[in-house]
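Input: a single structure, listed below in structure tokens.
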Amino acid sequence: DGERDEGMSWYRSCRIYHFTPGADCGWRSIGSGKVPTYALDSVRPTAEVHRGSPTGVEVYDHGLFDPAYRGGIFALDWTLGRIYLFRPGAAGASYRAEPEIFLRTNGRVSFAPSDIEVAPDGSLLVSSGGRSVAGSVYRISLKKKPRANNRPSPTSLLEVLDAPEPLSAWSRAGWQREARKLGTAPFLEFLGCLAPGSANCSDARHCLRALEVCLELFDGAAALAARLAATCSHASVRAQAARWLGVHGKPGDLEPLLRDNAALVKRNAIESAARFWSNPDAAALIEPVFGLSNNKDRRLRQAVIASLSHLDPARLPAAKSAGEKIVRGWVLARGTPRGKLPAESLDLALGVLTGKGTNTDDRLDALRLINAAFDRLEAGEDPRYATFDTQWDRVDLSVHLAATGRTLAAIEPLASSSDRRIAIETRRLAGKLGSTSPRLAARIAADASATSAAADDMFLLWCLARLRGDWSKETVDRVAGIGLDLPAKIRSQKIGRDNKWNTYARAIWEQLLRRHGELGAAIVADPRFGDPEHLGLISGAGKETRRKAAAILLKRPLPKIASSIGKVLDYLNSNSTGKDREAVRELLRKLAGRRDLRARALDGLARDPTPGDRELFLDALAGDDLLLVATVLKGLGRLERPGKPGGEVFELVRWLQLADSDPAHLGLRDKLALRIGKLTGVDCGYRPGLKKSQRAALDCWREWVEKALPQRKGELDEYLENQLAGGKLVEKLLAIAPWDSGDAERGKKIFDSRSCGGCHHLDGGGQRVGPDLRGAARRLGRKALLTEIILPDRLVAKRYYLTEYILHNGDVIQGRQIYSARNALVTITRQGLYRRLDPSAIIESRTRALSLMPAGLLSGLEPRAIADLIAYLEKF
């Protein structure tokens, strides 16, 4: 799927495709270059589901489950913990299927399916894991399996034809041995109606298997088997015969199959014909294949284009009908060298497009052909698109003014077509060719309405950003209105968006503002302006426009959602000046008291602090949130030295004690020491960048605090003693534990009894709430390893920080986030349980520099038992 594009018109959900020669799923990386599924140069998906992370796929061909499952496709979705079932059925020249949910997780069990296989007994084996989710394998089977003795004894031939999962290695080993014993005769007889109830049997699978066995095991019988299968009453069997006659047959074998009633058979015959174009005997196939250009089945037209693209263009028949003109034009365009415009292809397409009797589908195909013709001017075959095609921007259209002029004149009347597909392709093409028509721009802008889809409005803006020329004031105001109405429309329509949406929106509005500078002023002057989402519209506007926007925001009530308030604060911090700046500071001071906005508010104040902000910084410094300390230091460092720095130094020494023992915070330790040195004026010999503990410098500054604030000496001693207690315990254990006699076997029992494996991976088992313990003892050393166990909050790596989620229903979930998408968030809790959370159900989330591992895990253990545990960990 293209999950990063969600919210845009070119978004592609999870889907299953039926690929055939020449088929293209229309995928062009992430971005606007995806070819729509309705286009002739893209195949329609066999089945679609919502957003997810598709992983393993397996076709079920076993008799254990109900017969309705046989031939079904199981497909896995990692993100939502689901197994889908698709039962494909013939639909014209291809297949269609509707998704069914076969199995889903309840959100409280670790189930992140990654691959699937069918076991010999017919049960499903599903692996789960990846992205820090613990690995496991599930078996899905029947509660009560059918009794084997109730089944009739099959003949040897039927044993081969009925072999379950015939493409699996374990199945091949059995049926291939039996098939070789039987030889070719029984299978050819079955295909040739010489055995009772064979080719006219009700089971197409038997016929297909008979053909497959001959093709796989008996090369000498492959051609005869394919010819016999071509007379089968089942279209699915004839289709496979047509496919293999292109390998083992002759051109003449395909002629009756090209006239078959089933589109599935015709498509395979068309594709096989491509193998014979260099054979003089294939000349009789050209007209029948080309004649199928007029068939209404789009897969057939795609197959004709793909097949005839292998034919010498000089042998292509003249085109009479619209379908034939489109096919001929497409084949010629594909054969045109890069950098050259295929003139005949363009003429044929324009002829179809402007023809009076042209139907809607042919007109759509003609528009796509025009697009394909101009695409030949690009240097590369498959550019990487983002918001706009940068490769196309390098194409010089000035040497093709006549061609672009004719094309724009022909397509402009279609820009307001009642057929949505034609309107989209017309606008796409007009933008590609750089139309300067103000009338076309006005027509496109007028299409947005209160009921139009948000994704369609974004597409209109994308098209408008590609147009050139001047616009009327009415058009400018309409375009501004489209952008201003979008946030409310997205919310009311409950449109999901991913992180690329903002990238696309920013690029679109930056280009609109470059070409129409007056657009920024129109947005800000509109009374609708003020939603936090509007700020992205004017990111490319001039300074004066952005300053006006900041002044307007200051007069508006703040949004209710913390993330939206954050956007407003970020904008005000960057764009407010003069008298507005003090109003912004007052707002930040007010919000600094809110837990969910404190970090953002302090960061804003720290950019340009005033003396009145000092107390807010000191209050945060006196708290327990390590993630605020760097911001506070930045703010305090921009203020004048206080007359009485003792209170600030007290808190700085407290944090320095913690940072001194934590290798992950050496950079913060240096900042703390630098600040303390400036405030005290005392050189305690601290050396920046030194990785080992600098206890002497810390003790030196501690003495300074005790002299400056004698009344707080007891408070500091108590805090530091608590901090040092764990360290002293580590030192004591290092001195008295019998390390030389530590027993790894006894240590394993302790590891299991204390449920360490519930959070840590080791020895092929366990979970991944915390770090993998393999190699940890060698990497950290005995002292650091003991410190991490005894003082889990002291040495927390950033990736293992605890996040607290508060849900609408009142639940509070504490865990470590391991995956996040718009429609699913996966976290692993302190108990080692995986929880899938709906992001829309989260009121507030807060990340802290704390560990999920509780303290006191070694409580009650004798030094010998601790030595045993460490000996066990040191094995790995």
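The sequence shown: position 70 = 901 (this note's numbering), numbered continuously.
Glycine included, each C-beta is placed from N, C-alpha and C at the ideal position.
Self-check item: Cutoff 6 angstroms; reference Val866; Cβ partners in own chain excluding five residues on either side
Solution: Gly857, Asp872 and Ser873
Exercise. Using beta-carbon positions only, say whether Leu895 and Ile914 come within less than 8 angstroms of one another.
Key: no
Practice problem: Report the three-state DSSP secondary structure of Pro1685 (helix, strand or coil). | Solution: coil
Quiz item: So Leu1317 is in the alpha helix (DSSP H); what residue range does that whole segment cover?
Solution: Lys1304 to Ser1323
Quiz item: Under the rule that 16 or more other beta-carbon atoms within 10 Å means buried, what is Pro1388, buried or exposed?
Solution: exposed
Quiz item: Among residues of its own chain, excluding the 5 on either side of Val991, which ones have a beta-carbon nearer than 6 angstroms to its beta-carbon?
Solution: Trp1006, Glu1009 and Ala1010
Exercise. Inspect the beta-carbon positions of Arg1647 and Leu1633 and report whether they are closer than 8 angstroms.
Key: yes
Quiz item: Touch check for the stretch 1187-1207 and the stretch 1155-1175: three-plus C-beta pairs under 8 angstroms?
Solution: yes
Quiz item: Going by beta carbon distance, what residues of the same chain come within less than 7 angstroms of Met1684, once the five residues before and after it are set aside?
Solution: Cys1590, Gly1601 and Pro1623
Quiz item: What does DSSP give as the partner residues of Thr851 in its beta bridges?
Solution: Per DSSP, none; premise fails for Thr851.
Self-check item: Minimum length 4: unbroken alpha helix (DSSP H) runs contained in the stretch 1312-1396
Solution: 1331-1346, 1349-1356 and 1374-1386
Quiz item: Which value, in whole angstroms, describes the spacing of the CA atoms of Tyr1517 and Arg1506?
Solution: 12 angstroms
Practice problem: Let me know if Lys1374 comes out buried or exposed under the rule of 16 or more other beta-carbons within 10 Å of its beta-carbon. | Solution: exposed
Exercise. Within its chain, find whatever has a CB closer than 6 angstroms to the CB of Ala870; leave out the 5 residues flanking it on each side and keep chain order.
Key: Arg1199
Quiz item: Straight-line CA distance for Glu798 to Ser945?
Solution: Nothing about residue 798 can be read from this structure; the chain reaches only from 832 to 1707.
Quiz item: How many Å lie between Phe1448 and Arg1322 at the Cα?
Solution: 37 angstroms
Self-check item: Beta-ladder partner(s) of Ser925, from DSSP
Solution: Ala922
Quiz prompt | Identity of the residue in Val964, Ser954 and Thr1618 nearest Ile971 by Cα | solution = Ser954
Quiz item: Can you name, in chain order, every residue of its own chain whose Cβ lies under 6 angstroms from the Cβ of His893, other than the five neighbours on each side?
Solution: Val949, Gly953, Pro995 and Glu996
Quiz item: For Thr1218 versus Gly862, is the C-beta spacing smaller than 8 angstroms?
Solution: yes
Quiz item: Which same chain residues, not among the five before or five after Ile1637, have their C-beta less than 6 angstroms away from its C-beta?
Solution: Val1643, Ile1674 and Glu1675
Quiz item: Between the stretch 1290-1303 and the stretch 1251-1266, do at least 3 Cβ pairs fall closer than 8 angstroms?
Solution: yes
Quiz item: Among all the DSSP beta bridges, which residues are the ones paired with Gly1646?
Solution: Thr1634 and Thr1660
Quiz item: What is the rounded straight-line gap between the Cα of His1156 and the Cα of Asp1178?
Solution: Sequence inspection shows Lys at residue 1156; the His mentioned does not correspond to that position. Each residue's alpha carbon lies about 10 angstroms from the other.
Quiz item: Between Ser1176 and the rest of its own chain, which residues show a CB-CB distance below 6 angstroms, the 5 nearest in sequence each way excluded?
Solution: Gly1160, Leu1163, Ala1164 and Ala1204
Quiz item: When DSSP labels each residue in this structure, what does Pro1440 get in the three-state scheme?
Solution: coil
Quiz item: When we look at the beta-carbon of Lys1502 and count the other beta-carbons within 10 Å, is it buried (16 or more) or exposed?
Solution: buried
Quiz item: Is it true that the CB of Asp1401 sits closer than 8 angstroms to the CB of Arg1677?
Solution: no
Exercise. May I have the straight-line CA-CA distance separating Lys1391 from Arg1270, to the nearest angstrom?
Key: 41 angstroms
Exercise. Could you say which of Gly1578, Val1561 and Ile1354 lies nearest to Leu1700 if we only look at CA atoms?
Key: Gly1578
Practice problem: Would you mind working out which of Gly1361, Arg1074 and Ser1266 sits nearest Lys1398, comparing C-alpha positions? | Solution: Gly1361
Quiz prompt | beta strand (DSSP E) segment containing Leu1172, residue limits | solution = Segment: none, Leu1172 is in no beta strand (DSSP E) and carries neither H nor E.
Quiz item: Terminal residues of the continuous beta strand (DSSP E) containing Ser1676?
Solution: Ile1673 to Arg1679
Exercise. Tell me whether Gly1023 sits in a helix, a strand or coil according to DSSP, three-state version.
Key: coil
Quiz item: Between which two residues does the beta strand (DSSP E) carrying Asp908 extend?
Solution: Ile904 to Asp908
Exercise. Select from Pro1244, Ala1504, Val1307 and Gly853 the residue whose C-alpha is nearest the C-alpha of Ala1273.
Key: Val1307
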